[in-house]
Amino acid sequence: MAWTRDQMAARAAIELRDGFYVNLGIGIPTLVSNHIPAGMTVQLQSENGMLGMGPFPYEGEEDADLINAGKQTVTELPTTSFFSSADSFAMIRGGHINLSIMGAMQVAGNGDLANWMIPGKMVKGMGGAMDLVAGVKRVVVVMEHTAKGKPKLLKSCTLPLTGTRVVDLVITDLGVFEIDKAGGGGMTLVEVADGVTLEQIAESTEAAYSVASGL
Amino acid sequence: MAWTRDQMAARAAIELRDGFYVNLGIGIPTLVSNHIPAGMTVQLQSENGMLGMGPFPYEGEEDADLINAGKQTVTELPTTSFFSSADSFAMIRGGHINLSIMGAMQVAGNGDLANWMIPGKMVKGMGGAMDLVAGVKRVVVVMEHTAKGKPKLLKSCTLPLTGTRVVDLVITDLGVFEIDKAGGGGMTLVEVADGVTLEQIAESTEAAYSVASGL
Amino acid sequence: MTNKVYPDASAALDGLLNDSMTLMSGGFGLCGIPEALIAAVASSGVKNLTVISNNAGVDGIGLGVMLETRQIHKMVSSYVGENKLFAKQFLDGDIVVEFTPQGTLAERIRAGGAGIPAFFTRTGVGTTVAEGKEVREFDGAQYVMERGLVADVAIVHAWKGDTEGNLIYRKTARNFNPMMATAAKVTVAEVEELVEPGELDPDQIMTPGIFVDRIIHYPDASKHIEQRTTRPREA
Amino acid sequence: MTNKVYPDASAALDGLLNDSMTLMSGGFGLCGIPEALIAAVASSGVKNLTVISNNAGVDGIGLGVMLETRQIHKMVSSYVGENKLFAKQFLDGDIVVEFTPQGTLAERIRAGGAGIPAFFTRTGVGTTVAEGKEVREFDGAQYVMERGLVADVAIVHAWKGDTEGNLIYRKTARNFNPMMATAAKVTVAEVEELVEPGELDPDQIMTPGIFVDRIIHYPDASKHIEQRTTRPREA
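Protein chains in written order, with my numbering: chain A, 1276 to 1490; chain B, 1276 to 1490; chain C, 235 to 469; chain D, 235 to 469.
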């Protein structure tokens, strides 16, 4: 009875606040935009050089000059502005984005993140992921709890890192973990998906974590 | 029979080339724009954030939002572009300006330049002078040969420096000196103003210099 | 939706000003200065300010207003030459000045806003500007390391803005305003024309709204000219 | 007056291309790529290129064209994932890739054009990207030193340009083009609309003409879409 991808996205949307500027990665994070609460205004940033990203265009209205960081055709909003990639990453690196929601291959209990390469496989590149984790104030990871039955929440990442001590919150299909990345207080399980047991989470998690009181 | 200010500006204009992007300092350098040869196109840069600077406006057409680095009202040309001061000095620092013509208090035989402060007097600041001498490919100084009878071309500058080994050419009311700033070959007198003698120059110059053959 | 629009300069600065804070103030000379916001800082009475601004205004105009009220403890500037009161306070030791070359100042502010704590430049090598700073050789030339600058509050002036905080500057009034807008914890903008989102061409926005926290409509900017230079009309 | 306008891409690149040179090529994915100029580089037969470009095109499009002709020895990129031929040449060891985070790449190019030989960034600290590079603490955080990038030739795509070389980009086709235009010894631009000086609003020019040495009118840009995503129309 773990959360679906859409339920994970809905849980991630709870991290949004009115007036936030947010960068969403590809995959489940993209779905978060479907769950922005009514009455809340959130501006989406696309790191190739756009703030105020609108939905996909209607068929026939695609504009090759108007794409997001996933190279998908998107649209403008009344709030939209365009800028160079240097200005875009100045915005990211300078800490102006409130929240980044992204996928991951592995997260360690100290907030280390690996999501860009698997040694031995074709390396595609890190794109903007290293800049986002290093620059954005709050980083939320949304991912499946395990990959092929193996834990992705680890004592220490085994894959090459995207960043060290960068993840604040991990949302998986089984639950939600907070990470005290700055203070070194480690990882805490703060929510459990409906119908999931603490034992089930313990079995699927390699990283050490505390369990919040009340769970 | 030394050169007048206008003759010094005319001599400086000989350093211009078709297609050059040029920064002119205040004082005599400003007069250089009156001597751009017919048929030659030169774009003037103003370091506050303008390329393609036009002449002063007609009376009544001054625009407070359109000034040069000397805070004087100027005009646009069809070639004009505006940009931030960061972009303007990126242009300067990055070596994109072909020629900078500026005034000086002192120049040393190795190309050291002092033109921004006199200890004990009110310090106004260096403005963009240090950036210009450090960033522009070719720096031409136009100045009086002496100040209150004292040489300004010195073995070594006594005033705080604007830059070290930065001056390529010095045009004074008495003549023109080349400086091998990169090679360390020192200063060479290459032209003498009409009616000025080599002795007169020697008496007014503290810096060591060679005299070009034929003078 | 959060509202960035405030009724006037004092309201827009409410809660932001503290003694000994660092303030960035846009403009070059008197061109593109946030006049209404400067006046509001002056009337707030906040003291002991560090002000990062290319110039210090002239007597009674621009930052000159804050000199009369003796609110400025330190300036970070490239040129402060046109102000008698400034000269007096400087010579009397009432004001400290950190002279920074204009291009280095512009880049330090951009760096501060862009999350770059330090960079290398040739500007100032071998001069007093490099004293006490690291100098390093890259590819055979010497460069000095300069630090990024950030402020508690930036006040900027723009031509057009929308209620989202998107800004467009006019001609050479752009100068230091766009970088300063990025480099403070809180940025307050005054705009000559305030429009609704969608009225500005998104390709032409120079400061995206993410950098602007508060905005006021100030249609009556004085637009002072320091050096009124003209040429005769051809007959 | 010097003439910057060339009749076509091959003419505009004439005399600029040499084996083993470094080339910057604008665009993100297939958006805003200098297609005509890429084709002309490909047909020139120049070899052993180092190409600085965020991506490597897709098979047969963009820089993919230069992969077919095996002209690229090394790429400096942030992401090269959409290209089978690239993958093959990379795995075969025929192409070397210097992976650079996208924001670091953008900033390194800007720095190269701005006369900044090196800067510090948090991006990549503690990862393979920082290996062999200086890491330094500023104000309690760790930063890695990255170097500015320059090229022999930059090829860029713009929407509008004038004969002076002033450029305006359109929407997200701006991306890496403006920085690359500043960071090469010679910059060649292709523009969809070529106009006379004075027809572009000087406040809206994104790349001043000083950065553009040669320009061609290329009204027939193909404008490929990699991921054609749409939504259904409401009934």
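Ideal placement from N, C-alpha and C gives every residue a C-beta, glycine not left out.
Legend entry - Check whether B/Pro1435 and B/Met1377 have beta carbons under 7 Å apart: no
Inset, instruction - Would you decide whether D/Ser254 is buried or exposed? Buried here means 16 or more other CB atoms lie within 10 Å of its CB. - result: exposed
Legend entry - Proximity winner among C/Phe333, C/Lys394, C/Glu433 and C/Ser244, relative to C/Asn266 (alpha-carbon distances): Per the sequence shown, residue 266 of chain C should be read as Gly rather than Asn. Closest option to C/Gly266, Cα to Cα, is C/Lys394.
Inset, instruction - Could you list the residues in the region 383-403 of chain D with a C-beta less than 7 Å from some C-beta on chain B, going in chain order? - result: Glu398 and Asn400
Legend entry - Where the beta strand (DSSP E) containing C/Asp386 begins and where it ends: Ala385 to Asp396
Legend entry - Neighbour flag for D/Gly298 against chain B, beta carbons, 7 Å: no
Inset, instruction - Under 8 Å between beta-carbons, which chain B residues line up against D/Thr236? List them in chain order, please. - result: Asp1293, Gly1294 and Thr1316
Legend entry - Cβ pair D/Val285, D/Leu257 closer than 7 Å: yes
Inset, instruction - Can you check the region 248-298 of chain D for any beta strand (DSSP E) of at least 3 residues that lies completely inside it and give the ranges in chain order? - result: 256-259 and 283-286
Inset, instruction - Spell out the partners DSSP gives B/Thr1447 in its beta bridges. - result: The partner list for B/Thr1447 (beta bridge, DSSP) is empty, contrary to what the question assumes.
Inset, instruction - Using beta-carbon positions only, say whether A/Ser1356 and C/Pro453 come within less than 7 Å of one another. - result: no
Inset, instruction - Return yes when the Cβ of D/Gly337 is within less than 7 Å of the Cβ of A/Ile1367, no when it is not. - result: yes
Inset, instruction - Quick one: grab the DSSP three-state call for D/Ser456. - result: coil
Legend entry - Nonlocal neighbours in the same chain, by C-beta distance under 8 Å from C/Tyr313, ignoring five residues either side: Asn288, Asn289 and Gln336
Inset, instruction - Measure the CB-CB distance between D/Ala455 and D/Glu426 and report whether it falls below 7 Å. - result: yes
Inset, instruction - Please go through the same chain and pick out, in chain order, the residues whose beta-carbon is closer than 6 Å to the beta-carbon of A/Leu1473, but skip the five residues on each side of it. - result: none
Inset, instruction - For the region 262-279 of chain C and the region 297-313 of chain C, state whether three or more C-beta atom pairs, one from each stretch, are separated by less than 8 Å. - result: yes
Inset, instruction - Could you check which residue in A/Val1382, A/Leu1449 and A/Val1415 has the C-alpha nearest to that of A/Asp1469? - result: A/Leu1449
Legend entry - For C/Val299 and B/Pro1394, the rounded distance between their alpha carbons: 28 Å
Inset, instruction - Identify which residue in D/Asp396, D/Gln461 and D/Glu468 has its Cα closest to the Cα of A/Ile1301. - result: D/Gln461
Legend entry - Reduced DSSP category for B/Val1349 - H, G, I as helix; E, B as strand; rest coil: coil
Inset, instruction - Just tell me which of C/Ala243, C/Leu297 and C/Thr334 has its CA closest to the CA of C/Lys318. - result: C/Leu297
Legend entry - Ranges of the beta strand (DSSP E) found wholly within the region 408-457 of chain D, counting only runs of at least 3: 418-429 and 448-451
Inset, instruction - Within 10 angstroms of the Cβ of C/Arg404, are there 16 or more other Cβ atoms? Answer buried if so, exposed if not. - result: buried
Inset, instruction - Report the rounded CA-to-CA distance for A/Arg1280 versus A/Val1349, giving the unit in angstroms. - result: 22 Å
Legend entry - N- and C-terminal bounds of the alpha helix (DSSP H) containing A/Glu1474: Leu1473 to Glu1478
Legend entry - Min CB distance A/Glu1337 to chain D below 7 Å: yes
Legend entry - CB contact check: D/Glu365 to chain A, cutoff 7 Å: no
Legend entry - Length-filtered (3 minimum) beta strand (DSSP E) runs lying within the region 320-376 of chain D: 330-333, 352-355 and 369-372
Inset, instruction - Taking 8 Å as the threshold, find out whether the region 374-391 of chain C comes into contact with the region 339-352 of chain C through three or more Cβ pairs. - result: yes
Legend entry - Same chain, Cβ closer than 7 Å to B/Phe1295, neighbours up to 5 away in sequence not counted: Val1317, Asn1373 and Leu1374
Legend entry - Under 7 Å from the C-beta of A/Lys1399: neighbouring residues of chain D: Tyr313, Val314 and Gly315
Legend entry - Partners in chain B for D/Gly347, counting only beta-carbon separations shorter than 7 Å: Ala1365 and Gly1369
Legend entry - Distance, B/Gly1324 Cα to B/Asp1338 Cα: 15 Å
Legend entry - Residue from A/Ser1359, A/Asn1385 and A/Ala1365 whose Cα sits closest to the Cα of A/Val1411: A/Ala1365
Legend entry - Buried versus exposed, by CB contacts within 10 Å (16 or more), C/Thr355: buried
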